[in-house]
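Residue numbers (my numbering): 75 to 395.
Backbone N, C-alpha and C define an ideal beta-carbon position, used for all residues, glycine too.
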Ligand SMILES: NC(=O)c1ccc[n+]([C@@H]2O[C@H](COP(=O)([O-])OP(=O)(O)OC[C@H]3O[C@@H](n4cnc5c(N)ncnc54)[C@H](OP(=O)(O)O)[C@@H]3O)[C@@H](O)[C@H]2O)c1
């Protein structure tokens, strides 16, 4: 049954000697994952855009777990320069990376553009994480076996209704906040943005395997409908919806963290060779839409993102694989 827990916090193995970057881990599901992985002796980089919130999370995690190897590094996914600076700072300090948990996200926010002129949800949920992953891929390959987890959403189902054209993804005309969210997370969802996470995970897996790189395990997940700050734009004008969503409808942050904790830490990922998959609560394979299944969509998104990055960041040499 869907509510059967195939993975629990108590199943997280000892992570001594491992280093993880968790984006957006100053609050919500990301902070829960950071705390529970730190409790199992993982060294954690809290990658977050606000220094105040990030440092506060570091203090909380250290005090809750006793693990002192928890560090804040600034990362703003709405700025490609910030992503590059974060990756450079990490690589100057560390020579290995075991787990990259691409967790940060925004949902259904009003139309806006990033510092680089990219629509907010596409910039945060897909392009920023794509660029971050490309900057860190060589160190992840060198550290193998390593993991990349891209947090998607069931909202990718919106892609069954409508999908923005890639060339028009940052345009204000025709912008629909909900459809855009689903699209960005689409790796396996209907929404274009949620779909992007699924398509990216599958294409990255395919490209790694085609180069004979078999020790980087890339997967993505829908965490569940989880009580967190994510719904801030949806409920901003509606306290009844806020109450229903966060108090009655949504699962706890702890339960919402289980599926990505499974993909990030369970020894089963390697023993069962789980790669390029989409998992749903609680830690079981999920079904994803035809849009997210399409190899062409995955390749198109990859090439579009590569070209966009080369345009916005002239020093970008292109994907290392
Ligand atoms: N909650 C759900 O029901 C649900 C369902 C499906 C998928 N998800 C996905 O799960 C992930 C975690 O969501 P959550 O529920 O924990 O939401 P949350 O409580 O709103 O946390 C989101 C995190 O992302 C960070 N973030 C947003 N924009 C950023 C940027 N430009 N640069 C760096 N960090 C940024 C936020 O930082 P600030 O605190 O500074 O804003 C926050 O730390 C997201 O990818 C979301 O799409 C959640």
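Test item: CB-CB of residue i and residue j under 9 Å
i: residue 136; j: residue 117; result: no
i: residue 304; j: residue 395; result: no
i: residue 392; j: residue 280; result: no
i: residue 179; j: residue 198; result: yes
i: residue 226; j: residue 296; result: yes
i: residue 244; j: residue 202; result: no
i: residue 224; j: residue 293; result: yes
i: residue 249; j: residue 383; result: no
i: residue 342; j: residue 83; result: no
i: residue 339; j: residue 173; result: yes
i: residue 274; j: residue 196; result: no
i: residue 291; j: residue 219; result: yes
i: residue 147; j: residue 188; result: no
Rounded distance between the beta-carbons of residue j and residue i, thought under 8 Å
i: residue 352; j: residue 272; result: 6 Å
i: residue 128; j: residue 100; result: 5 Å
i: residue 175; j: residue 94; result: 6 Å
i: residue 88; j: residue 105; result: So it is not a contact: roughly 21 Å between Cβ atoms.
i: residue 298; j: residue 355; result: 4 Å
i: residue 270; j: residue 375; result: 6 Å
i: residue 120; j: residue 157; result: So it is not a contact: roughly 16 Å between Cβ atoms.
Unbroken beta strand (DSSP E) run spanning residue i, endpoints
i: residue 144; result: 144-148
i: residue 121; result: 117-122
i: residue 220; result: 220-225
i: residue 132; result: Segment 125-139 is the alpha helix (DSSP H) holding residue 132; no beta strand (DSSP E) there.
Extent of the continuous alpha helix (DSSP H) to which residue i belongs
i: residue 157; result: 154-167
i: residue 209; result: 202-216
i: residue 343; result: 342-345
i: residue 366; result: 364-367
Residues sharing a beta bridge with residue i, DSSP
i: residue 94; result: 118 and 173
i: residue 281; result: Paired residues: none, contrary to the question.
i: residue 359; result: 353
i: residue 294; result: 224 and 352
i: residue 337; result: Residue 337 is not bridged to any residue.
i: residue 383; result: Note: residue 383 sits in no beta bridge, so no partner.
i: residue 106; result: Its beta-bridge partners do not exist; DSSP assigns none.
i: residue 300; result: 325
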